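Everything on this sheet refers to the single structure shown next.
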Amino acid sequence: MQRRIHIAENFYDFVSELHNAIEIKQVQKAVRLIKDDPSNPGLRRHKLNRLKSDHVVSYSANQDIRIITYEPQSDEAYLLYVNHHDIAYNWVQTKKISKDLMTGALRLISIAIEEDVETPSENHDPSKIEVLPARNKGVAYLFDAFDNKALNQEGIPSSYVEVCRRIANEHDLMLVLDALPAAVGESVFNLATQLIQGYSEEPQQISPLVPPVVDTILTFQKIETDQELESWIRALDEAMQLEFGKWRSFLHPAQRKAVTANSSGPVRITGAAGTGKTVVGIHRSVHLKALGFRTVHLLTFNRTLMRNLMDIVKDVFGQELGKSYKVKTFHSYVLDRLKEERGLELQLGGTTEDFLQHAFEKIQPQHLVQSKETVELIFREIVDIIAAQQIRSVGDYIRAPRKGAHMTLTVEQKEELWAIYELAWQAAVSSQKIPYDLIAHYALDQKLRKLENDALVVDEVQDLKAVDLAFLAEQASGANQLTLLEDGKQRIYGPGYSLKSLGINVSGKRSIKLYVNYRTTDEISEVAHNSLMDHGLQEIDRPKSLRHGPTPETKIFTSQEKRLSWLIEAIFEQQKKGHHRLSVIARYRKSLEEIQAKLQAAGIDFQHIERENPIPEENTLSLLTMHNSKGLEFESVFVLDDKDHSKNQAPDWMKSNKKALLDYERKKNHLQYVALSRARDQLFILLL
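So in our numbering, spot 671 of the sequence shown is number 652, and the numbers just go up one at a time.
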C-alpha cells in the first residue's frame, strides 16, 4: 500500500527551531520512515490517548525529539509539529485537530488546558523567568483584557500566565519569548501580534477585546512519491550548502508566508540581520505584480543597499530592470514624484546651519541662545515634532505632544522657534533647496496624488523619519499596497515611533516576524546580539540560526603595526581556505586609509565600498565603513575598532543634552551590531 503524507506549511519552521544539524538530519530520516515504514521499531510509534482529538500519533526521531502527526486513516499521515519531548506533548495537549467532512480541510483549534502540562526541564522552569519587573498599578499590560481562563484557551499554561501578565509592550514580549518553551512562546506571540499596534518604545493603551477563538485551517504540501519527499528534504539542506553568490537570492519555504501575505492594508515584515528580509521583499514585489499592480517600487534608505538590491534582482530574475520594477532610494523616489507631477527640480542637501542661520539672525530670539547646540536641536525639533506631526500653526505646535523631542521648551521658546522655522522653510521652498530630512514634509505640502495601481516595498524602514512614513501612509493605503521591512537593532538614523500614530495599522496578521537566520552562523549571531546587551540595550530577540561555524575571535593589539601584520596574514589564510568574499569594516574611513599602503605592498587587491562604488567584487578585499556596510554580507569579516569606546566621543554640543547624548550612544552601538552581523561564516574583531 502506497502511503501518503501531508507536511504542514509551517512544519519547516518547527524543524528549523531544533537548531542542531544532527537533530535535523534525524528528523529527515524519520519523515522518510513515517511515509514508507511507519511500524519501524526505531520510530517508537505511539498513539496519543486522552486528548481532545482522535487519531493523533507521536513518532520518535531520536531519544528526545518527537514528531506529532494526525492519521485519520492508515494510508495517510498529516505532519503537524516537531520539537523536544516535553514541549511537543505540551503543544499537542493544547490543540484540537479535526477534519471538515464537507470540505476536507483540516482545522487546528487552541483549547483550554485542563491540567497544567509543564516541562520538567530546568531550562523551562517558569519560576526562573525573571526578565521583567513586577506589575505596576499605573501601567496598562498587553494581556489585561484576558482572564486566566482565556489565556489558557490561547494555549498558555497556567504556570506561565503570571510571566505573561508582566508583558507591557513589544520590547517586553521579545525579552520573554527567548525565555519561554517554544510551544508556549508560539502561543504568546500569536496572541500578542493581534494586540500590538505598530511599533512603539513606550507601553500602549490596549482596548478591551473579546478573546478570539483560534481556529486555523491548516495547509499542507502533499507528498505521494519518493521524489516529492526527497525534494522536500533537500529544502532542509539547501540553506547550509548554497554557494555564496546564490545565497542572496535564496527563498526558503519558511519565508514564503511573508512573501504571499494578503492584507486589506499595509504589511510589516520584521527580523534581525540574516533572516532574509531583503530577499523576501524582492520576492514579494513579484507576488504583488502577479496580484495586478502595474508597477512595484522597491525603496531603500541607503544608496549602497539600493545598488545591491538592483544586483540581487538581476540574480533572482535574470532580467534588466524595466517598467515593472523600480529600485530607488526613498528620497530619490520622492524627488521623482515631485518632478513628474509638479515639474519641480529640487535640490537636496545643505547643512543645518545653511537652513537655519539666516532665519536665526533675522528673528534674533530672546529666549533661545544662538549656538551650534541650539541650531542642531532646533532642526531636530522641526524634523521630529513639526514635520512628523504635520503641524500647520504656532497654536497647534504649542499644544503638540512631545514624544521624540530632544529638549524641553517654554511657550516663549516655542513661539520663537516657530518663527525661525517659518522663515527658514519659506526660504528653502523659494530657493527649491530642501534639507534631506524634510523632503517628505515638502511632498506632503504638495498633496501629490495617491497611488492607485502601484505598490511600494520599503526596506530599512527603521531608519526613515516619522514624516517619511507619514508620506508613505498617505500615498499607499490600499490592500497590499505598502510593505515595510525593518530591523530595530539596525536603527542608526531615525528615532522610534508608533506606526499606528502615523496612519499605518500593522496589527495582528499584518505584522510578520522572521525568526530563522539562514545566513549567519549561530556563533556570529550570538556575538552580534550580545554586543547590544553589553551596552545595556535589552533587545535580545536573537533569531534561530541554522548554521554553525568557528567561534568569532576578538584580538587586542598594542600597536597599529601589530594589528595590520596580523590582519594581512589572516587575509591570506582565509583566501587559502577558499573564502574570496572578504571585508574589512571600520567605524571611520581614516582607519581604512591607514592600512591601504601595507595591503598594496602585500599584493592584496582591495576596493573601497562607497556610495559611488557600492557593489563588492569577488576575489577582491572590500574596505568599507560601518555605515556603508548596511545591507551587505561577506564570507569573512574583519572589524577594526577601538578597545576603549570612550574614544568615540559625541560632539561637544551634545554633551549637555541628555536625550541627544543617549541617541548618539545608541546609534554608535547599533552601528557596531550592523558591522558584526555582516559576516556569514567567520568574524574577527580587531581592537586597538
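Glycine is no exception: its CB is placed at the ideal position from the N, C-alpha and C atoms. Being a predicted model, the structure only gives us computed values, none of them experimental.
Proximity of residue i and residue j at Cβ, strictly below 8 Å
i        : j      : result
Ala491   : Gly246 : This sequence places Arg at residue 491; Ala is not what is there. It is a contact, given that the beta carbons lie within the stated cut-off.
Tyr51    : Ile15  : no
Leu657   : Ser512 : yes
Thr259   : Ser305 : no
Ile366   : Tyr402 : no
Leu432   : Phe282 : no
Val439   : Leu465 : yes
Leu669   : Phe538 : yes
His63    : Leu29  : As written in the sequence, residue 63 is Val, which differs from the His given in the question. No, the pair does not count as a contact, with Cβ atoms beyond the cut-off.
Phe619   : Leu667 : yes
Arg523   : His510 : yes
Val165   : Ile137 : yes
Ser603   : Ala660 : no
Ser168   : Glu143 : no
His561   : Glu614 : no
Ala457   : Leu437 : yes
Ala(-11) : Phe170 : no
Ser546   : Leu621 : no
DSSP bridge partner residues for residue i (one or two, in chain order)
i        : result
Ser617   : Leu563 and Gln663
Lys587   : The residue you asked about is not Lys; residue 587 is Phe in the sequence shown. In the DSSP output, where bridge partners are listed per residue, Phe587 has Leu602.
Val308   : Leu279
Val38    : Lys28 and Thr50
Asn486   : Answer is none; Asn486 lacks a bridge partner.
Ser492   : Arg249
Leu61    : Bridge partners of Leu61: none, in fact.
Leu465   : Arg249 and Val439
His(-13) : Tyr59 and Lys203
Val497   : Lys525
Lys536   : Leu667
Asn594   : Glu591
Leu329   : Ile415
DSSP three-state assignment for residue i, whether helix, strand or coil
i      : result
Asp435 : strand
Asn133 : helix
Tyr70  : helix
Leu113 : coil
Glu96  : Residue placement at Glu96 is flagged as unreliable, the pLDDT there being 39, under the threshold of 50; a coordinate-derived value is accordingly withheld.
Ser168 : helix
Lys525 : strand
Ser266 : helix
Lys320 : helix
Gln407 : helix
Asp449 : helix
Ile415 : strand
Lys624 : coil
Phe670 : Residue 670 is absent from the structure shown; the chain starts at -18 and stops at 669.
Lys77  : strand
Ile366 : helix
Lys548 : The sequence as given places Leu at residue 548; Lys does not occur at that position. If DSSP states are grouped into helix, strand and coil, Leu548 belongs with the helices.
Pro162 : coil
Leu609 : With the sequence shown as reference, residue 609 is identified as Asn, and Leu is not the correct amino acid for it. Correct three-state label for Asn609: helix.
Gln456 : helix
Pro346 : coil
Val260 : helix
Where residue i falls, given that 16 or more other Cβ within 10 Å makes a residue buried
i        : result
Asp128   : exposed
Tyr(-7)  : buried
Thr502   : buried
Ile18    : This sequence places Asp at residue 18; Ile is not what is there. The residue is exposed, with fewer than 16 neighbouring Cβ atoms inside 10 Å.
Tyr417   : exposed
Ile379   : exposed
Gln672   : In the structure as shown, the chain begins at -18 and stops at 669. Residue 672 is therefore absent and cannot be evaluated.
Glu321   : exposed
Thr389   : exposed
Met155   : buried
Ala271   : exposed
Asn470   : First, the amino acid is wrong: residue 470 is Lys here, not Asn. Lys470 comes out buried.
Gln(-17) : exposed
Ala460   : exposed
Val442   : buried
Asp153   : buried
His(-13) : buried
Asn150   : buried
CB contact check: residue i to chain D, cutoff 8 Å
i      : result
Asn498 : Absent from the structure is chain D; it holds one protein chain and no more.
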